[in-house]
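Shown next, in structure tokens, is the structure this report addresses.
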Amino acid sequence: MERIVTIIAFITLCGFLGVLVFKLPRLDLGAVVALTVLMAFYDLFIHKRPEQ
Numbered sequence: 003m004e005r006i007v008t009i010i011a012f013i014t015l016c017g018f019l020g021v022l023v024f025k026l027p028r029l030d031l032g033a034v035v036a037l038t039v040l041m042a043f044y045d046l047f048i049h050k051r052p053e054q
């Protein structure tokens, strides 16, 4: 269940930032959004692995 909530939260973050990038297409803003998505992906899916 925790994994499903994590995926939904990540998709929501990407959707929110995607709207920002498509409404205001600038290279510097795109770079910041890409870095934000990469850091969130790392934190949610790579760094925080389920304990066994």
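Position one of the sequence shown corresponds to residue 3 (our numbering), numbered consecutively onward.
Here a beta-carbon is modelled for each residue, glycine too, at the ideal position from N, C-alpha and C.
Here the structure is a predicted model, which means the values were calculated and not measured.
Whole-angstrom C-beta distance between residue j and residue i, which should lie under 8 Å
| i | j | result |
| --- | --- | --- |
| Glu12 | Leu46 | It should be pointed out that residue 12 corresponds to Phe in this sequence rather than to Glu. Right, the Cβ-Cβ distance comes to about 6 Å (below 8 Å), so this counts as a contact. |
Reduced DSSP category for residue i - H, G, I as helix; E, B as strand; rest coil
| i | result |
| --- | --- |
| Arg28 | coil |
| Met41 | helix |
Closest residue to residue i among the options (Cα-Cα distance)
| i | options | result |
| --- | --- | --- |
| Val21 | Ile48, Ala36, Ala42, Phe43 | Ala36 |
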